[in-house]
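Report on the structure given below.
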Amino acid sequence: MGAILYPLYTVANLVLATWSISLWQHSHHANILLLLLVVAGMTYDNLIVSLGRLINEGSFLKLLNRLRFLLHDLLIPLLVVVAVKLASAAGVFWASKPILFSGCWTITFGLIGLGLVTNLKHLELAPINVAGSLRYKPKNSKPPIPTIFIALLVGVAGFYIWREIQWPWMFVGTVVMLFGNALPTKIFGSLVGSAVDFVFILALLTTHIVLS
């Protein structure tokens, strides 16, 4: 199943990236650029998982997978800034305060630094075959606390946007993403996670369009 779905996810993310580029060319809005970077990381992630069996187990595939985790650490924290900017555009009272905007960048850089220090120093990868796909995953899997924290921040912003302009989809997309990624990877691998991550970013992009 993974041999079919991961290439489809890759194509879907490429479509999302192309759409984001088109939006960026028309608006040059910072949120679109930040989301485009995240989508680029997601596209790479799904592409490498798609090609895992073709490349085969070894140091090269391990390096490509290490870059997956590096991009995750670099790019996912940018969603904190995106969430605050979207909330500000929706007129959420607390999101327009200058100190909060500065604070969200501080949190973002802090999360990036934490992820880089943790993974560059301590990340040990092992090959795993799940749902017909070959990839590398951390030997010592721990709950992705920073990612959960980011998702909760986005969810809070999405809730306030919902309350402010009656647009629930950023909040709903976050809930779907959290639920999907909570499913056991031993059974589903990252198949469900990749799908709900796409839904999550799509919800953020459509929220930006509604607020533009």
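Residue 488 in my numbering is what sits at position 180 of the sequence shown, and the numbering runs on without skipping anything.
All C-beta atoms, glycine included, are put in the ideal place defined by N, C-alpha and C.
Predicted model, so just to flag it, every value in this text is computed and none were measured.
Taking the alpha carbon of residue i as the reference point, which residue from the options has its own alpha carbon closest?
i           : options               : result
residue 520 : 327, 337 and 322      : 337
residue 371 : 431, 406 and 500      : 431
residue 409 : 398, 422, 390 and 419 : 390
residue 311 : 440, 464 and 374      : 440
residue 359 : 397, 328 and 318      : 318
residue 443 : 397, 407, 357 and 352 : 357
residue 415 : 455, 515 and 323      : 455
residue 413 : 463, 474, 490 and 458 : 458
residue 422 : 377, 491, 322 and 484 : 377
residue 435 : 491, 445, 309 and 429 : 445
residue 418 : 309, 518, 325 and 388 : 388
residue 428 : 490, 363 and 375      : 375
residue 463 : 397, 453 and 483      : 483
residue 468 : 515, 332 and 437      : 515
residue 397 : 380, 339 and 437      : 339
residue 453 : 368, 490 and 369      : 490
Suppose you measure from the CA of residue i to the CA of residue j; what does that come to, to the nearest Å?
i           : j           : result
residue 341 : residue 450 : 30 Å
residue 330 : residue 343 : 13 Å
residue 420 : residue 382 : 5 Å
residue 361 : residue 349 : 20 Å
residue 393 : residue 366 : 42 Å
residue 447 : residue 405 : 42 Å
residue 355 : residue 315 : 7 Å
residue 511 : residue 479 : 8 Å
residue 513 : residue 399 : 18 Å
residue 533 : residue 473 : Only positions 309 to 520 of the chain appear in the structure, and residue 533 is not among them; the question remains open.
residue 470 : residue 476 : 5 Å
residue 466 : residue 402 : 13 Å
residue 386 : residue 395 : 15 Å
residue 325 : residue 352 : 11 Å
residue 426 : residue 517 : 35 Å
residue 328 : residue 380 : 19 Å
residue 309 : residue 501 : 14 Å
residue 363 : residue 492 : 26 Å
My understanding is that residue i touches residue j, with C-beta atoms under 8 Å, so please give their C-beta distance in whole angstroms.
i           : j           : result
residue 481 : residue 503 : The Cβ separation is near 12 Å, so there is no contact.
residue 313 : residue 499 : 6 Å
residue 433 : residue 373 : 6 Å
residue 320 : residue 506 : 6 Å
residue 384 : residue 346 : 7 Å
Given 7 Å as the limit, tell me if residue i has its C-beta closer than that to any heavy atom belonging to the ligand NAD.
i           : result
residue 342 : Among the components of this structure there are no ligands whatsoever, and the ligand NAD is therefore not found.
Would you mind reading off the limits of the beta strand (DSSP E) that contains residue i?
i           : result
residue 441 : 441–446
residue 454 : Premise fails: residue 454 lies in the alpha helix (DSSP H), 453–473, not in any beta strand (DSSP E).
residue 433 : 433–438
Grab the span of the alpha helix (DSSP H) containing residue i for me, first residue to last.
i           : result
residue 331 : 310–335
residue 502 : 499–519
residue 486 : 477–490
**Item:** 4-residue-minimum alpha helix (DSSP H) runs that sit fully inside the segment 352–427, ordered along the chain
**Value:** 367–383 and 386–397
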